[in-house]
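J.: Provided herewith is a single structure, encoded as structure tokens, for subsequent inquiry.
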Amino acid sequence: MLKTQAGEAMVEAGKHWQNNNLQLAGESFRQACMFYRTVGDPQGEAQAVSRLAELAWRLRYLADAYALFVEARGLSPPQQKTTKVRPMSCCVWASWPVSNSRKRKRATLSPVTKSL
């Protein structure tokens, strides 16, 4: 039941995002995160957290976007060889691909970049 509510919250957040009501979209993504966390679905939670990070990035809350992106990376399984990097805006350790670590940090913090 909670997994269904999480999916509905994600759909609702997408509708709010399309209608450019970003505050309600953020609340819906946050609600979906909590539902997925309660159910114990790390992939769903990572998806909701990464969408929340995209929203924070769009609103130019760069430190929050970076912290959320790092959290989402920690929730999803690593896809390649990783190294640990200390993020600037939060106290959790994150996994970054070794070959792209410098490039990704710069892209994440750059106001010119549109996506995380």
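Per the numbering used here, the sequence shown starts with residue 51, numbered consecutively. Where is the CB? At the ideal position from N, CA and C, for every residue including glycine. In this text, all values refer to a predicted model and were calculated from it rather than measured experimentally.
What do you reckon, are the CB atoms on leucine 102 and leucine 112 nearer than 7 angstroms?
T.: Their beta carbons are not under 7 angstroms apart, which means leucine 102 does not touch leucine 112 by this criterion.
J.: Contact between the region 85-97 and the region 65-76: three or more CB pairs below 8 angstroms?
T.: Because the criterion of three Cβ pairs below 8 angstroms is not met, the region 85-97 and the region 65-76 do not touch.
J.: Pull up the distance between the alpha-carbon of lysine 53 and that of threonine 88, whole angstroms please.
T.: Rounded to the nearest angstrom, the two C-alpha atoms are 9 angstroms apart.
J.: May I ask you to report which of helix, strand or coil DSSP gives methionine 51?
T.: Correct three-state label for methionine 51: coil.
J.: Buried or exposed for valine 18, please, with buried defined as at least 16 other CB atoms from any protein chain shown within 10 angstroms of its CB.
T.: Absent from the model: residue 18. The displayed extent of the chain is 51 to 166, so no value can be given.
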